[in-house]
Every structure is written in C-alpha cells, then in structure tokens.
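Protein chains in written order, with the working numbering: chain A, 2 to 320; chain B, 2 to 320; chain C, 2 to 320; chain D, 2 to 320.
Quick reminder that beta carbons are idealized off the backbone N, C-alpha and C, glycines included.
There are 4 protein chains.
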Amino acid sequence: MYFTYERPEFDRNDPLEIRRVVGEAYANALEAAKGGRCADYIPELAKADEGEFGICFADMNGERIEFGDVEKRFSIQSISKVINLAACLKFLGFRETFSHVGTEPTGDAFNSILKLDTVSDLPFNPMINAGAIQVASMLSNIMDFDELLGFAREFCMDGDIVLNEKVYASESETGDRNRAIVYLLKSKGVLQGDPDKTLDLYFRMCSLNVNARTLSNMGLMIANNGQNVKTGKHLLHPGYVRTIKSLMFTCGMYDESGEYGVTVGIPSKSGVGGGIVGAVPGRYGIGTYGPSLNKKGNSAGGIAALTHISHLLKLNVFE
Amino acid sequence: MYFTYERPEFDRNDPLEIRRVVGEAYANALEAAKGGRCADYIPELAKADEGEFGICFADMNGERIEFGDVEKRFSIQSISKVINLAACLKFLGFRETFSHVGTEPTGDAFNSILKLDTVSDLPFNPMINAGAIQVASMLSNIMDFDELLGFAREFCMDGDIVLNEKVYASESETGDRNRAIVYLLKSKGVLQGDPDKTLDLYFRMCSLNVNARTLSNMGLMIANNGQNVKTGKHLLHPGYVRTIKSLMFTCGMYDESGEYGVTVGIPSKSGVGGGIVGAVPGRYGIGTYGPSLNKKGNSAGGIAALTHISHLLKLNVFE
Amino acid sequence: MYFTYERPEFDRNDPLEIRRVVGEAYANALEAAKGGRCADYIPELAKADEGEFGICFADMNGERIEFGDVEKRFSIQSISKVINLAACLKFLGFRETFSHVGTEPTGDAFNSILKLDTVSDLPFNPMINAGAIQVASMLSNIMDFDELLGFAREFCMDGDIVLNEKVYASESETGDRNRAIVYLLKSKGVLQGDPDKTLDLYFRMCSLNVNARTLSNMGLMIANNGQNVKTGKHLLHPGYVRTIKSLMFTCGMYDESGEYGVTVGIPSKSGVGGGIVGAVPGRYGIGTYGPSLNKKGNSAGGIAALTHISHLLKLNVFE
Amino acid sequence: MYFTYERPEFDRNDPLEIRRVVGEAYANALEAAKGGRCADYIPELAKADEGEFGICFADMNGERIEFGDVEKRFSIQSISKVINLAACLKFLGFRETFSHVGTEPTGDAFNSILKLDTVSDLPFNPMINAGAIQVASMLSNIMDFDELLGFAREFCMDGDIVLNEKVYASESETGDRNRAIVYLLKSKGVLQGDPDKTLDLYFRMCSLNVNARTLSNMGLMIANNGQNVKTGKHLLHPGYVRTIKSLMFTCGMYDESGEYGVTVGIPSKSGVGGGIVGAVPGRYGIGTYGPSLNKKGNSAGGIAALTHISHLLKLNVFE
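Right, here's the structure in full:
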C-alpha cells in the first residue's frame, strides 16, 4: 500500500507530465516484477518471461502513451470474464443474467468453491471462476465461440485477437478444478448449459491472445460507457457498463479487490496471464502486461504501475 | 434490483425536480418497509415502530429536502464503524490503522467469525464487527468515550448526539457474540487494547442517538472530503476520506454490498438501528431512518429510497 | 437415543429369546419407518415403498432369524464402500490404500467436499463419497467391474448379486456431484485412476442388487474376521477386517456415526437404498432393509431395529 | 501407522511376556519422543522435559508394570474432559447431558469453533474444547471445584491429586480462545452456566496434577465399567461408562482419533500436558506420560507405546 496521500502539484492535463508519470510507473513496474513469479498452474503460462512489462495508457481521443512490451501477445485469462459478462448482459439482459449469478464479493480465492457449497447455490459474482463458468453456460446456449470472439474483437477494438491454441490445449488438459466447478453447478441444478460446451467456451475465451494495447482499448470501451471512441458506435448499453464497472471495482482483482479499491480505485480486472485492464470513467483506458504475479495472483508490475499512475494523476474514483 | 436502466429526462439540478424525486423515494420507502421487520437481537431495537421512515437529503450548500421522521432519534449501531474508522485514521494514521485490520470485503454476514478463524488472523475490514472491534481496541488506547463522542459530534455536525443509555445497557447485556470476537482476537495476539475497555467503547459508540438529519450531515462531511460544508474547517484529510468512501462502497452494506454497489452505487453504511448514511462525492449527503430491515439486515425503506434517488438523479458513482 | 441403560434379565443365548427380541425390533422398525422418507436424489430410489422392512439376523453357524422383506432386492448404495475398501486392502495392501485416503471421521455430510478443499487434499476416510471414489480410482487400475463383482459375491456369500441397470443408469445420469468430486481429486493430483473409469466403477458398485439376507452374510464375513463361516475359506486377512470394523464404527453411519456408536455400538454401514449391515464381532451378522430414511440419510427402521437388538442382547462392543 | 498385521506367537497372558512387551513399548516411546515437541501455548507446559517418559500398565487385580517417570506429576489437561463427562453423566444423567452437547466426531482441531458457528449451535462432542466447556457449564450449577476434585480423586483412585496452581494461573491468563468459546456458546443461548464460573471450573480441572499411575487407575476404572477394582465400589453406572468408552474411541485423540482407532483401537484420551489414558475393556488400564507431542497434539511417546502394546498383545477392541 501507499502510506501517504501527499502528492506534488503539477498540471495533470499536460501530456508531457502524464507521459512522465506513466514512464515512472513503467520503471516502478519493472522493479516490482522482480518480487513476483509467473503462474505455473498451466505449463504454457510458466514459460513467460518474468522480466517483461508493457503499459499502454490511452485517452478518449485515442492518443496513446506506451512503454515496454505493448505488442507482446499473451493469454487474456480471467480478463475474459469481463467480456463474457458484457456479452451476457447485451444478449440476455440484466434480469436474466443476474437470475443465475450474484453480485457479491467473496473474500475468497478466485477458484474457491467454499461459498458455493455452504452459503449459496448461485455463484457469488461473475468475476470468480464459478460465476464466470455460469455466465459461459448462459452464452453457450445462444452463441458459438466464433460469434463470441467477434464480440470480443469489437469490445476490445482489436480485430487481431485470435485463439492461442497452445494455451487452449493446456487449459483443457489441466482444467480439472473448473470441471469440478461445472459439475458442482450442474448438481445444484443451476448450470444453464451443457457442461462440456460450457467449459469449452470458457477455456477458449481464457485463451484469447491479447496485448497491453488491446487491454487499453477494452478499458476505453468501458470508460466510454460502451461506445467506441473512434467510430462512435454504441456497442453496449451504458447501464450495463455501469454494472460492469461496479463489479470490476468490488470483485475485479481477486481477493485483493478491497485493497486495490483503496490504493488504486480504478475499476480493473486482472488475469493470471499477466494482464490488467483499467477503466478510468470518462477519461482513460489502461492496459498493462507483466506476467510476474504477486501472491494474490495479480500482476506485480501492473499493480505497481496502476498504483503510481492513480496516485499521481488522482484517478481514484473516490478522489 | 432495478431491472431497467431507462429513465425519463428532466433537469436533474432543478430543486423542484429533486424534491419530487425524494418525495417519491419516501413513498417507495414506506411501501418497502412493510416487507421487512425490526431487528430483535437487542430488546431495545425490537421496540421500534416498523412503519416509521424519514429521509434527509442535503446538498453542499446545506440545503435540505426532508420527508417523514427526520428528527426521531435512534441508535446509530454499525454506522458508528465509519466514525471509529475516521477517528482511527485521523489520530493513528493510515499505516498504523491498516497494520491491524484489512480492507477486503468478506461476502459473509456482519458478525461472522469464519474467515477470522480460517483465512486470516486479522479481521477482513473495519465495516464488519470483528474489524470494528479491532479499530475500537486501537482507539481505546488513545482516547476515552467522551473524546470520541466529541469527534463524532464534529464529524456528524451534530452537537446533540448523546449516548442512549437503554440501548447501551441492552448492548452490554446481550453482546456475547462480540465478547467472543474480542477474545478470539486477543487469543490470536492481534487485539490492540484491553478487552473490556475495547468492548465498552465499541458498545457505547453503537449506542449513539442520531437521526436522519445527523446522518445526512455525516454524508455531507464524507461527500465534501472531510471538510465542514458550513465552517470550511478541515476535520479529516481528504486521503483518509477517500479510503473511507472506498470501504463504504465495497463493504458498507453487509453482505448486500455488491448488489447495492450495482443498483445504488453510492458509498453508504447501514446500521441495524434502521439508519443508512450515503455520501454522493462532491454533491450530496443523504440520511435515512427506517427500522424495518430486510433479510440482509439493511433498512428496507432506506434501500428502496436510495435506489430510487440514485436511479432517477443518476448518482451512481459509475454512471 | 435410548435414555436408559436398564434391561430385563433373560438368557441372551436362548434362540427363542433372541427370536423374540428380533421380532420386537421388527415391530419397532415398522413404526419408526413412518417417521422417515425415501431418498429422492435418484429417481429410482424415490420409487421404493416406505412401508417395507426386512431384517435378517444370522449367527456364526449360519442360523438365521428373519422377519419381513428379506428377499426384496434393492441397491446397495454406500454399503458398497465397505466392499470396495475390502478389495482395495486385499489386492493393494494397507500401506498403498492408506497412502491415498485417510482414516478420520469428518462430522460432515457424506457428500461434503468442504474438508477436501480446506483441510486436506486427501479424502478424510473411505466411507464418505470422496474417499470411496478415491478407493474406486485405485481399484480401476487393477480390475474391471466383473472382477470386482466376483469379489463382492464372495464377500457377501451371495452369487445372485447383479447390477441393477436402472439404478446404474439413474446414478450415471444424476451423479454430477460425484463427477465434481472426481475432478476435484484429479485437480489436486491425488486421484489414482481415469475419472470416467473411476466413476463408472463407483456407480456400478453403488448399483448392486442385494437384500437383507445378503447384508447379513456380509456382516457375518466381517464378524468372522474375513473367513467364510460355511466353507472356512479365508477371503480377507483378519487385520484388514479389523481396520474395516474400526472405520465402520467411527465413520460408517454418515454424520450420525458418533451417536450410533453410543446407542448401538456395532460396526455398521448404511446406504441410502435403505440397507444397513451390522457386524457383531465373533457373534452375529445383521442385515436390514427399510428405504424410509431419517434426516441423516440412514434407514429409520434399520436404526430402530439395531438399537433395540443391541440394547436388549447387549451387543454394544463397549458393553 | 503400523503397516503389518503379522505378529509373533507367544503366551499373551504370561506376566513376563507382558513385561517384555511393555518394556519394548517404553524403549519405542523414548525414541519416538525425539520427533515431537512440547506444547507451548501455555508457558508452564513449554517448560517440560521432552525426553521424559513413563508408562504404567495395570491389570484388574491392580498388578502394575511400570517403566520410567511414572510418579512425575504433570497437568491432566484434556484428559479432564473424561472426568467432567463422567461427573455430568453421574449427577445429571444421560438425557440431560446429551441435551446440551452432541456425540459426533468432528474431524476438526480440538479448539475449532468452525462447526459451532456453521453447522450446529450445540458443540459436536464432549471431547473437544467447546463441548467440554459446555459440560463444565452444567457442572458449575450443581457443584463447586472441591466437590468435582473429590469425584476426580475417586474416579482416578488417587487421593493425591491437587490443583497445579502455576498451570491454573497460566491457563487463566492465556485462555482467551476458551473465553471466546464460552461467549459464543452464551450468544447462541446454549451455555448452561455463568461464563466466568464455567471457565474457572474448566481451567481448574485442566490443571489437576496427575501422573502415569493416576491415569492407569483411571483407565482401570473405565475398563472395569465404573467399579473400583480394589474396593468393589460402584462409582459410575456401567451404561455411562459404555458411553464414555464409545466417545473416547471416536473422539478421544483429537483429529487423530480415526487413525488411532485403526492402529491402536483402545478407548483412550490424551492431553497436551503429555498424558494418555487407555482403557482395555475388562482387562487393563494404561497410563502414559510423555510431554513431547506430535503434530496432532498427542504424546508422541504415548502413541508409540500404546501402538506397540496393542499390536503385540492384541488389545484392539476389533481384534
């Protein structure tokens, strides 16, 4: 945590000052990455280079400030939960979506099944595995992967997103805990789709190849309430995006969400592939890539960078 | 939940329109209150009139819109957790405070000790009983009740706050679960103060007599980043208030916080005495009183009123 | 519970007296069955007649006292866990078996996965689903169903045991919770066999058609330390049977095992198909069938009958 | 665990052979003690000498075989739970006792409050702290410590048992977790006595000074169904003793009870002071003292000695 609230005064709208701050954030991230390590629960993830880091900071005009490995593709992992939720809200609506998954933070690990088996038959929220699998089960009934991929490309303003076949194969082979979750949901009578189709869709979406720039675009889409900043096209109803931002704020950073809300305060979502997407409402989209993770499973460099930027540029939604 | 995001257009800064909306919210609250019931774990609380409701909606100029029982005094209960946290931050600082209590939402009931005994020795956050008792233990070392009452009066801009002796006696007599919590914390070696002094301070603070107007003032203080809207005096560093708003958002409404964040989206805190305080950053302070509680322990009328107001006036922080 | 320890004096070795006691037990069971209800988690089980009850009480000479529906076939369900454990011990040995499953009672429901996900990666004991699935995974590597069925027929001295195809189909279709368990075990790296083969073997063994007489034979086999009372053939090492008796005593009656140990005190195992097998060391084998279950999932009539018999004939191992 | 069931043949009733076996057990215990460590949650316990070990093996004629530190006094700790339960059964009866405490093993640690707060308002059994405190609350209403001490002396056939004042002071000072438990029970409305009186009685009983010989006497009392082997006096109804043996078997060795049942199979109770009492029904009373504990909190030497003796002399109740 940052143990001070004091900050130097400067013009926070001056592009040069912003560039300076993002550059400092990049340097901080490289340093912080040394303290973490790559995810190893999937062989493909363990191969990442812990020293890599990239940040893309984009404003509503589409202007970008970039440092480091911003074009390096990596698997989106849990960040796809946001895309899945967005698609579910768009195509099935608020009422249907939240009839099958809750909106409460859990305080438990991302893959926990504790509450699912003791407190509630419905998964607590769409940002944990159980909830995201539930969302995937709903989507599996109305669209196939290609259609959802099409939506993801639009949502992230990135037509180059493709499936990372190696990661997908790795996910399918090692996804036994998620298999356990899907059958637990089915045994409780809440799963909405076929277990195999659901898992396949879920694993594929986790295996999308994105980069920091993709994530900054996704952040912009959310920051701009579902409207493409370039074309002006409305992809998602602002009300749905409002809900997404709220859930990213309360549940987006695994069991570090509360602390992140205090120190960073930007609706964000992380993935164990090393990505973080941040959406500063009405202002910025931020994407970071740093595969070295902290103990909570969040990118060590990404957290360091976003903390610095939020602190210096006063981007906390509760400033 | 509200299952629509569509809203009529009107001038949301027009005082008459605002008054109309608050009036509708009041009517909704009276209706919603019929579906809940008073807290009964303390005899004093069970005596409340379930039909009562009051709302005070105040802007940064101190202008108020009020309906119903806004002068009726009731016990502040869990809302005192915000005052205690504010005092702890002011007098002991961020680092010391959060060395002894976490910042994560739990997804568990307000009085749960599950995580305390399985996941972490430190209470998850200052908005649940265990965390608030921990905060009280820190305060018990540096101030007595009279001093903390003085701070509460300033923080709520209400010099008439006094201890409700009956509620205090009732709390002390029936507070065995909180006694269990204080000794559990002590057994883990994390409690910072004497168990008896800690509990006495905690019970006293829960027993403060406030009304809806008091709570709207408290909301204003938070909405205005710790500065008294009337005198301009800075009571609390804006950074501390930022932290308080974030924790109110993620943890303020018991295990309904996530849903409330989605449907209302205003940093708020509720108490089983029937009060809710809401702080719309930079704009409004809202206080409601309605002792009829829903199943999560939040004021049924208060939730209904705040949902309506937030929806119509677009006060969700993620609009 | 029986709230008295006082019993009339009579000759407890007199066959007529024993017949009288067993007859009373049968009458008690019919009465007790009215207070329970059939299992309904599998459609096939829900079709059973709640009024049915049968008891077969056999001594070491093979003499039988029988009342009621002793030839009615029903599915063995969880009682197969004992057969599986016996086969695992016989063919893989004590050390190998208990390298992959524990020996502790859990106090949780039979299908609980709580401890599996919080306390230990190994299932607590072979009498709960998770542990029995683990045992089945070991067996699936060394024998097919036909071989295991052959062992079951020998162990129960009943060559007529066959697979109940309807129950097996029903189990497979509705066994999602067990599917969740098998994948949870696999995700933890402890499962010993292929998930599908494991589950298929497990489901088939749960679907064996037995009757009260079969179970009394099985009880005799255990009571006689693994030696066939008729042929004198040693099927299982007495040491393995000792272990089985101990686990039946501490874990055999779901989360009613402790109470059953106090009031009945006979190593026993129940199944949701309505069966209970009891083994009075060195003396008797008891089989009961009564599909009306109490809240813990144990046969209401079976518990009543065994309580009466144990009490009157002083068969509690701690008399 | 012992991974073999094979044993040499010899005359198991020959006093010389028995002495040889007990002597081997003593040697094994000294070795095993090196792998454990003393309890340290109470300062007084941490002062014990980890190398000490004593065993007293007594038959129904009062003949004793003793090795090592059999006269060394140490605090009885959890073994007092058996005495308390015995007194509760004697003076309040079976029905009253088990209206306020259960009979199920938990699989949780001895001081766990997990199930108490999630599964049941009543403590699971009288052998864990919560259940023993509940028993103490019942006793606190009908007798004072001096009277209960008198009963303990009779039950253990040892008039020299006194309160270890240092341990008692230590318990009281550091017993915050037990304080938490007593208030949790009170908050649930199940505690039967005054919290302070209850805890004081509980702490005092944990602080009784006994030695291995005392425990062997206590074992004899239980093995002889509540009748003093010397005077012939009936202290406790055999039915109550039967219940005690059953609960010792299923719950007596903390969360190692199931494994101990398999490998040793003698109704026993351990304490973190280093003692173990074993009761071989109708045959022997065994007391051991070895303060070096294994990871489950049971005396490492005591477990080793009892395993050896039970194995060689075939004392497992399920032999």
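With a CB to CB cut of under 8 angstroms and the five nearest residues on each side skipped, what residues in its chain are close to residue i?
i: residue 310(C); result: 22, 23, 26, 58, 287 and 316
i: residue 246(C); result: 223, 268, 280 and 282
i: residue 47(A); result: 39, 40 and 41
i: residue 297(B); result: 254, 255, 256 and 257
i: residue 285(A); result: 58, 59, 60, 61, 220, 221, 224, 279 and 316
i: residue 107(D); result: 113, 116, 125, 126, 129, 252 and 256
Excluding the 5 residues flanking residue i on each side, which residues of the same chain have their C-beta closer than 6 angstroms to its C-beta?
i: residue 11(A); result: 18
i: residue 154(C); result: 160 and 162
i: residue 192(D); result: 138 and 186
i: residue 1(D); result: This structure leaves residue 1(D) out entirely; chain D is present only between 2 and 320.
i: residue 238(C); result: none
Tell me which residues share the same chain as residue i and place their Cβ nearer than 7 angstroms to its Cβ, disregarding the 5 neighbours each side in the sequence.
i: residue 182(C); result: 114, 130, 131 and 134
i: residue 208(C); result: 76, 164, 165, 168, 169 and 172
i: residue 112(B); result: 130 and 178
i: residue 109(D); result: 115, 116 and 256
Along the beta strand (DSSP E) that carries residue i, what are the first and last residues, could you check?
i: residue 192(D); result: No beta strand (DSSP E) holds residue 192(D); DSSP gives it neither H nor E.
i: residue 270(B); result: 269 to 271
i: residue 211(A); result: 209 to 211
Under three-state DSSP, which class holds residue i?
i: residue 256(B); result: helix
i: residue 42(B); result: coil
i: residue 1(C); result: What the structure shows of chain C is the stretch from 2 to 320, and residue 1(C) is not part of that stretch, so it cannot be assessed.
i: residue 294(C); result: strand
i: residue 109(C); result: coil
i: residue 13(C); result: coil
i: residue 68(B); result: strand
i: residue 54(A); result: coil
i: residue 319(D); result: coil
i: residue 122(C); result: coil
i: residue 2(D); result: With a pLDDT of 49 at residue 2(D), under the threshold of 50, the modelled position of that residue is not reliable, and the figure given next carries that caveat. Coil at residue 2(D), not helix or strand.
i: residue 289(B); result: strand
i: residue 23(C); result: helix
i: residue 90(A); result: helix
i: residue 81(B); result: helix
i: residue 100(C); result: coil
i: residue 147(B); result: helix
i: residue 28(D); result: helix
i: residue 242(C); result: helix
i: residue 248(C); result: helix
i: residue 263(C); result: helix
i: residue 237(A); result: coil
Just reading off the alpha helix (DSSP H) that residue i is part of, what are its end residues?
i: residue 115(A); result: 115 to 119
i: residue 130(A); result: 130 to 140
i: residue 230(A); result: No alpha helix (DSSP H) contains residue 230(A), which DSSP labels as neither H nor E.
i: residue 280(B); result: Taken as a continuous stretch (DSSP letters only), residue 280(B) belongs to no alpha helix (DSSP H), being part of the beta strand (DSSP E) at 276 to 281.
i: residue 302(C); result: 301 to 314
i: residue 180(C); result: 177 to 188
I want to know whether the stretch 248 to 265 of chain D touches the stretch 292 to 307 of chain D - three or more CB-CB distances under 8 angstroms.
Touching, yes.
Tell me, please, whether the stretch 135 to 145 of chain A touches the stretch 78 to 97 of chain A by the rule of three or more beta-carbon pairs shorter than 8 angstroms.
Counting Cβ pairs under 8 angstroms, three or more are found: they touch.
Give a yes or no on contact between the stretch 113 to 128 of chain D and the stretch 58 to 77 of chain D, applying the rule of three or more CB pairs nearer than 8 angstroms.
At 8 angstroms Cβ cutoff, the stretches do not touch.
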